[in-house]
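Q: First the structure, which I've put down as structure tokens, then a few questions once you've had a look.
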Amino acid sequence: MLHGRDVERARLAALVDGARQGRAGTLALHGDPGTGKTALLDDLAEACHGVTVLRTQGIESESPLAFASLHRLLRPLLPRLDRIPAPQAGALDLAFGRQDGDSVDPFLVAVATLSLVTEAAEHQPVLAMVDDAHWLDAASGDALLFTARRLDADQVVLLFSVRDGIGTSFPHPGVPSLLIRELDEASARAVVEDHTDARAKDSVTTDRVLRQAGGNPLALVELSTALTSDQLHGAEPLPVTAAMERVFLDRARRLPEHVQRILLIVAADDSGRVATVRRAAEILAIPDHALEEAEASGLMLRAGDTLRVRHPLVRSALYQAAPTSLRGDVHRALAAALEGVGEPDRQVWHDAFGADGPDAAIAARLDGAGVRSERRGGHVAAADFFERAAEFSPAANLRAERRFSAARNAWAAGQTARARSLVTAARGEADDTALLADIDRLRGRIEVNFGSAAAAHRIFVSAAVAAVDTAPARALDLAVAAAGLAAYGGDSGIRLDPAIVIRPGGDPDDSRTQTLHDLLLAMTAASQHQWPQAVERLRDAAQGAVDSDPDLLAHLGQAAVHLGDDTAAGHAFAAMLGAGRQSGAGMTVLYALPRQAFPLFLSGQWSAVRRSADEAHRLSTSVGQPALSATPLAWLALLAALRGEDVAPEVRTELDDLVEHHPLGILAAPTADLIRWADGARAVQAGAADAALHHFTQMRVPALTRMAAIDRISAAAHVDESEAAQEWLDELATFAAGTRWPWALGAVEHARALLSPQAAAPAHFEQSLTHYANAGRPFDLARTHLAYGQHLRRAQHRVDARLHLRRALESFEDLRAAPLSAVAARELRAAGETARTRDVSTLVRLTPMELQVAQLVSQGMSNKEVAAHCWVSPRTVGFHLRNCFAKTGVSSRGELAQLSLG
Numbered sequence: 004m005l006h007g008r009d010v011e012r013a014r015l016a017a018l019v020d021g022a023r024q025g026r027a028g029t030l031a032l033h034g035d036p037g038t039g040k041t042a043l044l045d046d047l048a049e050a051c052h053g054v055t056v057l058r059t060q061g062i063e064s065e066s067p068l069a070f071a072s073l074h075r076l077l078r079p080l081l082p083r084l085d086r087i088p089a090p091q092a093g094a095l096d097l098a099f100g101r102q103d104g105d106s107v108d109p110f111l112v113a114v115a116t117l118s119l120v121t122e123a124a125e126h127q128p129v130l131a132m133v134d135d136a137h138w139l140d141a142a143s144g145d146a147l148l149f150t151a152r153r154l155d156a157d158q159v160v161l162l163f164s165v166r167d168g169i170g171t172s173f174p175h176p177g178v179p180s181l182l183i184r185e186l187d188e189a190s191a192r193a194v195v196e197d198h199t200d201a202r203a204k205d206s207v208t209t210d211r212v213l214r215q216a217g218g219n220p221l222a223l224v225e226l227s228t229a230l231t232s233d234q235l236h237g238a239e240p241l242p243v244t245a246a247m248e249r250v251f252l253d254r255a256r257r258l259p260e261h262v263q264r265i266l267l268i269v270a271a272d273d274s275g276r277v278a279t280v281r282r283a284a285e286i287l288a289i290p291d292h293a294l295e296e297a298e299a300s301g302l303m304l305r306a307g308d309t310l311r312v313r314h315p316l317v318r319s320a321l322y323q324a325a326p327t328s329l330r331g332d333v334h335r336a337l338a339a340a341l342e343g344v345g346e347p348d349r350q351v352w353h354d355a356f357g358a359d360g361p362d363a364a365i366a367a368r369l370d371g372a373g374v375r376s377e378r379r380g381g382h383v384a385a386a387d388f389f390e391r392a393a394e395f396s397p398a399a400n401l402r403a404e405r406r407f408s409a410a411r412n413a414w415a416a417g418q419t420a421r422a423r424s425l426v427t428a429a430r431g432e433a434d435d436t437a438l439l440a441d442i443d444r445l446r447g448r449i450e451v452n453f454g455s456a457a458a459a460h461r462i463f464v465s466a467a468v469a470a471v472d473t474a475p476a477r478a479l480d481l482a483v484a485a486a487g488l489a490a491y492g493g494d495s496g497i498r499l500d501p502a503i504v505i506r507p508g509g510d511p512d513d514s515r516t517q518t519l520h521d522l523l524l525a526m527t528a529a530s531q532h533q534w535p536q537a538v539e540r541l542r543d544a545a546q547g548a549v550d551s552d553p554d555l556l557a558h559l560g561q562a563a564v565h566l567g568d569d570t571a572a573g574h575a576f577a578a579m580l581g582a583g584r585q586s587g588a589g590m591t592v593l594y595a596l597p598r599q600a601f602p603l604f605l606s607g608q609w610s611a612v613r614r615s616a617d618e619a620h621r622l623s624t625s626v627g628q629p630a631l632s633a634t635p636l637a638w639l640a641l642l643a644a645l646r647g648e649d650v651a652p653e654v655r656t657e658l659d660d661l662v663e664h665h666p667l668g669i670l671a672a673p674t675a676d677l678i679r680w681a682d683g684a685r686a687v688q689a690g691a692a693d694a695a696l697h698h699f700t701q702m703r704v705p706a707l708t709r710m711a712a713i714d715r716i717s718a719a720a721h722v723d724e725s726e727a728a729q730e731w732l733d734e735l736a737t738f739a740a741g742t743r744w745p746w747a748l749g750a751v752e753h754a755r756a757l758l759s760p761q762a763a764a765p766a767h768f769e770q771s772l773t774h775y776a777n778a779g780r781p782f783d784l785a786r787t788h789l790a791y792g793q794h795l796r797r798a799q800h801r802v803d804a805r806l807h808l809r810r811a812l813e814s815f816e817d818l819r820a821a822p823l824s825a826v827a828a829r830e831l832r833a834a835g836e837t838a839r840t841r842d843v844s845t846l847v848r849l850t851p852m853e854l855q856v857a858q859l860v861s862q863g864m865s866n867k868e869v870a871a872h873c874w875v876s877p878r879t880v881g882f883h884l885r886n887c888f889a890k891t892g893v894s895s896r897g898e899l900a901q902l903s904l905g
């Protein structure tokens, strides 16, 4: 019976009740060791009827084995794999070693976990419990946290127990917490009385136990049942509460030596299998009856063919107190016991613990385990194996290779500091040119994302020059990366002549290499403001790009945004996004979404921008990468400003916190510029012209200053800052003359109309409209119609003004740009025409998820197809679709498709 836990039990029971009604629940129980977290989970599992209970436990020694804990949790559901999308089922099979194949994206494993659990919940509510989450292997932890954050209208409860204290950590943003505190005195006294035998049931002994235990349930139980006679009667001091491990250790040391050794095997073992422990015990000549004696001691628990120690503190106490030589013997015995059972990774990890120094054979086996873990998507485990392999490698070149492999996987797992340390160590020992190029590419990527763009440029250029003779393909990749940085303002001052890395006479069928050649020439020309050559080479690159190569698409898309090719940028990022969705590459999708927003925004697809930004924000939160939310949130801030909508205070607080406290790397500048653009637009709407100009003047990224050219130049002209306006116009005119993009030419003529004498303005406006008619940028076209209509009205050409003002109003209303719609309507009334503005109160206000579901359903997708696209459960899709029907007043998918939503 649990004493003093009525509130906690009610909270947990409410989560299960909610799940029965289709409201998923997640919770992390945390507290000091021994506060009863596991007991609460046991109590809940026993009390739940008609529920599928799944359970796993983090094991400290198992942390290097990718997806080990997740495999235990999902093992009862594996017969249902054929009921989830085939790519997801295949990902779980690969992750769990059930089949061999190419590498799997860990994100797809996380999505598959969500799908499998929610599919099971379609038949019966699911209660999934993860004990000792602080010791989960990283791959399992990431997958389970993703699942917890994506659960919605599902019959699922996902619970974690987490130990607080030094040396343990399980950050779980997005998952609520419940602190499990010590018991109050009355409850603690009841626990003591339940567990103290008759010889000690007196108030003095009880008070002594209560004082020492401090309300800790584990301490109360153990001190009540494990005390010596002298301790019970006060002849010896009681153990200190903070040292409960000593209580367990003292208990163990009273047992025969052969029982202590079998307990040490169980503590060191991470499989939990009786057969493995028996084989290891046989190797160490431990008698068979030791296992039964260990179970009788209460320090070891047995359930069927599995074993576990009574409490994590038992494991740590036994393992840490054992002499190093004895631990080595046990690990070697466990490794020998695993011979031939098909678990080479677990076996070599034990062998490594049992080894004394460098060992080429063990290093090679650890390296093989790293390769297998990387293929399964367990990047943290792979980094652990590769780093351990390096430590055991006698040869410097092999140490360098393996440290680089460890760094690569640490980087893939988001362990930036560890990746930086490992790659620096690898570079100090590497002498192979190709390896050095790979090392420097990773060093540069770390700088791009978390350090200095100029430093990254310097690394890329130096590495490209060094690799050009012996590793030309790598040199080309590095040169393209350097050229892209230089074009974006990350120039270190070191020049790289493209002719050094572009070799004539290459394979004409090698489209990737040719595309990289073209991109290098395009971005090099762009960094030197040789715009005609840059655009020509970009077009060549776009024609040769391969849609299945995400790295190439990323380079192409970035180059297209910088050079103003909206079509090429839209194609590149759409292809990247489509390939990422199809393969389940979540980070590829997360990379593409905020970047695809640029061509979407410019082409007037503002509702699609909102959907992309909302999805990117949700996804970055789900995968535990908050810094990747910054740019999506900045897009939402800009859209809200242009539409005259309020930004929720918590959203702006989150954005400001991300910008101020998280390293955003290469995205820092564009994110800041989007925010400045939004702030400038709001200042214009408020009539604060000087403040608006201040925000626009702070913009730094050339591509974004060109996108916001009309805002910037208009703001400067409004406050008579003619010098700044002319400078910005001259820069834009040079770019427009070189690229000949219709949008750039239209912006130049619009700006000239603003800065020229009144009589000359109409000709410039007419030219601007002519160019914009072919530009595919409806917002800028509408801005020009508005400015021209205002000019004509003030010049008393009211009839002519109405045409332009009417077109401006229609476009602004299509975009739901309310502030400018109001301006156009007011100007139209002043020109003598009654403006028929749309009633915004009739617009449907859907949540971001409802909007995405409605849009996909309108395209003819089924609930299952929408679920696979959005990485949620079909039940969640159905829940949001019902909300869409209720809010819109329609009752069918066909009717929903006819609505204007956004």
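Quick note, the sequence shown lines up with residues 4 to 905 if you use this note's numbering.
Note that the Cβ used here is the ideal one computed from N, Cα and C, for glycine as well.
If you draw a straight line from the alpha carbon of P36 to that of D569, how long is it in whole angstroms?
A: Rounded to whole angstroms, P36 to D569 spans 57 Å at the Cα level.
Q: Taking the alpha-carbon positions, what's the T527 to H565 distance?
A: Each residue's Cα considered, the two are about 12 Å apart.
Q: With a CB to CB cut of under 6 Å and the five nearest residues on each side skipped, what residues in its chain are close to A736?
A: The residues are V751.
Q: Return the chain-ordered list of same chain residues with a C-beta closer than 7 Å to the C-beta of A3, the five sequence neighbours on each side being excluded.
A: This structure gives no information on residue 3, because the portion of the chain shown stretches from 4 to 905.
Q: Report yes if the C-beta distance between G607 and D817 is below 9 Å; otherwise report no.
A: Closer than 9 Å, so yes.
Q: Spatial neighbours of H721 within its chain, please: C-beta separation below 7 Å, excluding the five flanking residues on both sides.
A: Taken in chain order, the residues that qualify are A692.
Q: A440 and A409 - do their beta-carbons sit closer together than 9 Å?
A: Not in contact: A409 and A440 (Cβ atoms no closer than 9 Å).
Q: So, for F356: in the same chain, excluding its five sequence neighbours on each side, which residues have a beta-carbon less than 6 Å away from its beta-carbon?
A: If we look at F356 and ignore the five residues flanking it on each side, its Cβ neighbours are H334.
Q: Let me make sure I understand the geometry here. Which of A889, A595, A16 has the alpha-carbon closest to that of E853?
A: Checked all of A889, A595, A16; the closest Cα to E853 is A889.
Q: How far does the alpha helix (DSSP H) with V133 in it reach, from first residue to last?
A: Note, V133: premise wrong, no alpha helix (DSSP H); beta strand (DSSP E) at 129 to 134.
Q: To the nearest angstrom, how far is the alpha carbon of R896 from that of N866?
A: Roughly 11 Å separates the two Cα atoms.
Q: To which residues of the same chain is G237 closer than 6 Å at the C-beta, ignoring the five residues directly before and after it?
A: A caution first: G237 carries a pLDDT of 49, below 50, which makes its placement in the model too unreliable to give a value.
Q: Among L111, T116, L81, which has the Cα closest to the Cα of R101?
A: Checked all of L111, T116, L81; the closest Cα to R101 is L81.
Q: So does the region 317 to 328 actually touch the region 248 to 256, counting three or more Cβ pairs closer than 8 Å?
A: Because the criterion of three Cβ pairs below 8 Å is met, the region 317 to 328 and the region 248 to 256 touch.
Q: In whole angstroms, give me the CA-to-CA distance for W609 and D649.
A: Cα-Cα distance, rounded: 16 Å.
Q: Quick check on DSSP: helix, strand or coil for F453?
A: The answer is helix: DSSP assigns F453 an H, G or I state.
Q: By Cβ distance below 7 Å, which residues in the same chain neighbour Q158 in space, the five residues on each side in sequence not counted?
A: The residues are A22, R23, G25, A124, P128, V129.
Q: Using only the alpha-carbon positions, how far apart do V133 and T674 sit?
A: Cα-Cα distance, rounded: 38 Å.
Q: Does DSSP classify V120 as helix, strand or coil?
A: Note: V120 maps to helix in three-state DSSP.
Q: If we require 3 or more residues per run, which beta strand (DSSP E) segments fall completely within the region 145 to 182?
A: For the region 145 to 182, whole beta strand (DSSP E) runs of length 3 or above, ordered along the chain, are 159 to 166, 180 to 182.
Q: By a C-beta neighbour count over all protein chains shown, 10 Å radius and 16 as the cutoff for buried, is L182 buried or exposed?
A: The residue in question, L182, is exposed, as its Cβ has fewer than 16 Cβ neighbours within 10 Å.
Q: Compute every distance between the C-beta of Q91 and the non-hydrogen atoms of the ligand GTP, then say whether any falls below 8 Å.
A: Looking for the ligand GTP in the displayed structure turns up nothing, as the structure carries no ligands at all.
Q: Determine the DSSP secondary structure at L30, reduced to helix, strand or coil.
A: L30: strand per DSSP, three-state reduction.
Q: Cα separation between D362 and G61?
A: Near 30 Å, if we compare the C-alpha coordinates of G61 and D362.
Q: Locate the beta strand (DSSP E) running through Q533, then write down its first and last residues.
A: Here Q533 belongs to no beta strand (DSSP E), and DSSP marks it neither H nor E.
Q: Taking 8 Å as the limit between beta carbons, can you name the residues of its chain near F699, skipping five residues before and five after?
A: R679, W680, G683, A711, D714, R715, A718, A719.
Q: With a Cβ-Cβ cutoff of 9 Å, do A467 and L499 count as a contact?
A: Yes, Cβ-Cβ distance for A467 and L499 is below 9 Å.
Q: Given a threshold of 16 other Cβ atoms within 10 Å of its Cβ, counted over all protein chains shown, does H558 qualify as buried or as exposed?
A: Classification of H558: buried, given that the 10 Å Cβ count is 16 or more.
Q: Taking A389 as the reference, which of Q531, S894, A754, F407 has the closest Cα?
A: Correcting the residue identity first, residue 389 is Phe in this sequence and not Ala. Of Q531, S894, A754, F407, the residue nearest in Cα terms is F407.
Q: Tell me whether G496 is buried or exposed, calling it buried when 16 or more other Cβ atoms sit within 10 Å of its Cβ.
A: The residue in question, G496, is exposed, as its Cβ has fewer than 16 Cβ neighbours within 10 Å.
Q: For the region 391 to 406 against the region 369 to 383, do three or more pairs of beta-carbon atoms, one drawn from each stretch, fall closer than 8 Å, so that the two count as touching?
A: Contact holds: three or more Cβ-Cβ distances are below 8 Å.
Q: Is V312 helix, strand or coil by DSSP?
A: Correct three-state label for V312: strand.
Q: Suppose you measure from the CA of D617 to the CA of L76; what does that come to, to the nearest Å?
A: Going from the Cα of D617 to the Cα of L76 covers about 31 Å.
Q: Using a threshold of 9 Å, state whether the C-beta atoms of F782 and A820 are closer than that.
A: Against a cut-off of 9 Å, the Cβ pair of A820 and F782 comes out as a contact.
Q: Using the DSSP secondary-structure output, state which residues sit across from T55 in a beta bridge.
A: According to DSSP, which records beta bridges pairwise, T55 is partnered with V129.
Q: Does the distance from the CB of D435 to the CB of N412 come in under 9 Å?
A: Contact: no.
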